[in-house]
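If you count the sequence shown from 1, you need to add 275 to reach our numbering.
Beta carbons are placed, not taken as given, at the ideal position from N, Cα and C, and that holds for glycine.
Quantities reported herein were computed from a predicted structural model and do not represent experimental measurements.
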Amino acid sequence: MYLHGTSKINDHGHLEIGGVDSTKLTADFGTPLYVFDEALVRQRCREYVDAFRASGFKFQVAYASKAFLVKAMCRIALEEGMSLDVVSDGELFTALEAGFPAERIHFHGNNKTPQEIEMAIDAKIGCFVVDNFVEMQMLNAIAAHKQQKVNVLLRVTPGVEAHTHEFISTGQTDSKFGFDLGNGSAFKAIQEAAQLSNLELLGIHSHIGSQIFEVEGFQMAADRLASLAVKVRSELQVTFKVINLGGGFGIRYVAGNTPLPIAVYVKAITDAVRENFSSNDYPLPEIWVEPGRSIVGDAGTTLYTVGTSKDIPGVRKYVAVDGGMTDNPRPALYDSVYEAMLANRATEESQEVVTIAGKCCESGDMLIWDLSLPKVNNGDILAVSCTGAYNYAMASNYNRIRRPAVVFVKDGQADLVVKRESFNDIVGNDVIPERMKLTSTRV
Ligand SMILES: *Cc1c(COP(=O)(O)O)cnc(C)c1O
276 MYLHGTSKIN
286 DHGHLEIGGV
296 DSTKLTADFG
306 TPLYVFDEAL
316 VRQRCREYVD
326 AFRASGFKFQ
336 VAYASKAFLV
346 KAMCRIALEE
356 GMSLDVVSDG
366 ELFTALEAGF
376 PAERIHFHGN
386 NKTPQEIEMA
396 IDAKIGCFVV
406 DNFVEMQMLN
416 AIAAHKQQKV
426 NVLLRVTPGV
436 EAHTHEFIST
446 GQTDSKFGFD
456 LGNGSAFKAI
466 QEAAQLSNLE
476 LLGIHSHIGS
486 QIFEVEGFQM
496 AADRLASLAV
506 KVRSELQVTF
516 KVINLGGGFG
526 IRYVAGNTPL
536 PIAVYVKAIT
546 DAVRENFSSN
556 DYPLPEIWVE
566 PGRSIVGDAG
576 TTLYTVGTSK
586 DIPGVRKYVA
596 VDGGMTDNPR
606 PALYDSVYEA
616 MLANRATEES
626 QEVVTIAGKC
636 CESGDMLIWD
646 LSLPKVNNGD
656 ILAVSCTGAY
666 NYAMASNYNR
676 IRRPAVVFVK
686 DGQADLVVKR
696 ESFNDIVGND
706 VIPERMKLTS
716 TRV
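Now the structure itself:
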């Protein structure tokens, strides 16, 4: 397993993260356990902010909170000079509860409810990223009713789709998100937004994919947004202050994933925006980006206790851990791949190839196929790396399994930031109707 950030093997032959022995973490907090290397999260934030500072552009780096949001994470984002993207009332509530400044919160999503819009306007958030015509009219009407003018970006589908090493220029009209650039709907949306008196149109936004390892997709998106901006300026006399190029910056889950340094992505984006806008005598806009995975992904490690195993001679050996798709649904959802090691026997040679299964009643509940490990014993601690993004955030109570605790580790100290769910959390919202009271049981 590749050792990210402060992770290392200590003198006891144990995995250590943030200066804390993983066997101490599991003894103190139990398993499964999400562990975040706080220094690495902060380092990733700084890589973005520092690279933008060096570019001379005005900027906002908005952490895409859907990747992993808890109150303590809001504090880190705040301390590191980030803005915050939210996509629901729950994320907005979390951010506000944590004291995150509303003016640095951006609200995304393709189906914001009237209640969410009201809540966000009342909180005085910084910007709405408007996704479609229905939302635009609804937002304007609610803002008018509240006698407010709200900042908006319009989400444009630029016809660039990027995934890992491939980026494709597509018509890509068939997306649930955004105003299509190719079929003229983006231009129409801008025209409409500019005329709505309770919207302040700051600019346009695009998000071209996820787990992207190349700069070309971002450069192509910047080029297309710039062309649109230039056309809008000459035909509608509307000048954008902000160009938002979204997120999707890749991370290393396994060997073969080759993300570029964050500064390289940022330089490619700032260079592309400078070129495309200044060559058209366009006042240089602010640049906003929205990294999620690349802020928290490689800083997360999940620790499990090994339980049972099943050896099918000549076929495969399954080793089960005390979590699974409930704490990490990504392998089941997307065939995502992960690396892992025995955290309590980190220096031992590999002796067998096993498949790591979860404990859920679902054959698809697999975490890692064909993993080389030392001879695995019941009670060993399995560490799976790179689980910081879209793991806790996507965790569920399937099989009424309680969601794990989350700890932040830094400089030898471990702090609980989310408690392990209790049995009462599991049944706390259940209601037994009066007519089902125990006395009505048939005997
Ligand atoms: C998911 C998302 C992001 C973050 O994507 P990552 O791949 O986690 O960096 C940013 N912007 C928008 C609009 C998104 O939907």
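DSSP links LYS516 through a beta bridge to no other residue. Considered as a whole, the region 570-656 harbours 605-609 as its complete alpha helix (DSSP H) runs of no fewer than 4 residues, in chain order. For GLY478, the enclosing beta strand (DSSP E) stretches over residues 474-480. The C-beta of VAL628 has fewer than 16 other C-beta atoms within 10 Å across all chains shown, which makes the residue exposed. Annotation: CYS320 is outside any beta strand (DSSP E); the continuous alpha helix (DSSP H) that includes it extends over 313-330.
Of the other Cβ atoms in all chains shown, fewer than 16 fall within 10 Å of the Cβ of TYR609; this residue is therefore exposed. By the CB criterion at 8 Å, ILE643 and ALA664 fall outside the cutoff. Taking ILE526 as the centre and dropping the five residues before and after it, the same chain places the C-beta of GLN486, ASN532, PRO534, ARG568, SER569, GLY572, ASP573, CYS661, ALA664 closer than 8 Å to its C-beta, in chain order. Boundaries cannot be given for HIS289, as no alpha helix (DSSP H) includes it and DSSP labels it neither H nor E. A Cβ-Cβ contact shorter than 8 Å links GLY521 with SER481. It is roughly 45 Å from the alpha-carbon of ARG430 to the alpha-carbon of VAL581. Straight-line measurement puts the Cα of ARG350 at about 40 Å from the Cα of TYR593. Linking ASN674 to PHE311 through their CA atoms gives a straight-line distance of about 26 Å. Taking a cut-off of 8 Å on C-beta distances, the region 322-333 does not touch the region 585-602, as fewer than three cross pairs fall below it. Relative to ASN551, the option among SER502, CYS636, GLU491, ASN426 whose CA is nearest is SER502. Here the alpha carbon of PRO606 sits roughly 30 Å from the alpha carbon of MET357. Just so you know, the alpha carbons of ASP546 and ASN519 end up roughly 14 Å apart. When the Cα atoms are used, TYR277 and ALA530 turn out to be separated by approximately 8 Å. Contact check for GLU489 against PHE332 fails: the beta carbons are separated by 8 Å or more.
From the listed residues ALA398, VAL507, ALA437, THR432, the smallest Cα separation to GLU467 is found for VAL507. DSSP, reduced to helix, strand and coil, places PHE683 within a strand of the structure shown.
In the DSSP annotation of this structure, the continuous segment of the alpha helix (DSSP H) that includes THR545 starts and ends at 537-553.
Taking 3 residues as the minimum length, the beta strand (DSSP E) runs contained wholly in the region 390-415 are 402-405, in order along the chain. The Cβ neighbour count for ASN672, taken over all protein chains shown within 10 Å, is under 16; the residue is labelled exposed. Cβ neighbours of LEU511 within its own chain (closer than 8 Å, five residues either side excluded): ILE465, GLN466, ALA469.
Under the 10 Å beta carbon count, LYS451 is surrounded by fewer than 16 other beta carbons and is classified as exposed.
Between ligand 1 and LYS341, a heavy atom-to-CB distance of less than 7 Å is present. Using a C-beta cut-off of 8 Å, the region 624-639 makes no contact with the region 297-315, since fewer than three inter-stretch Cβ pairs fall below that distance.
Under the three-pair Cβ rule at 8 Å, the region 357-368 counts as touching the region 376-388. Relative to ligand 1, the nearest heavy atom lies less than 7 Å away from the CB of SER485. The residues TYR579, VAL581, VAL596, ALA615, in chain order, have a CB closer than 6 Å to that of LEU657 in the same chain once the five nearest residues on each side in sequence are set aside.
Assignment of ARG695 by DSSP, reduced to helix, strand and coil, places it in the coil class.
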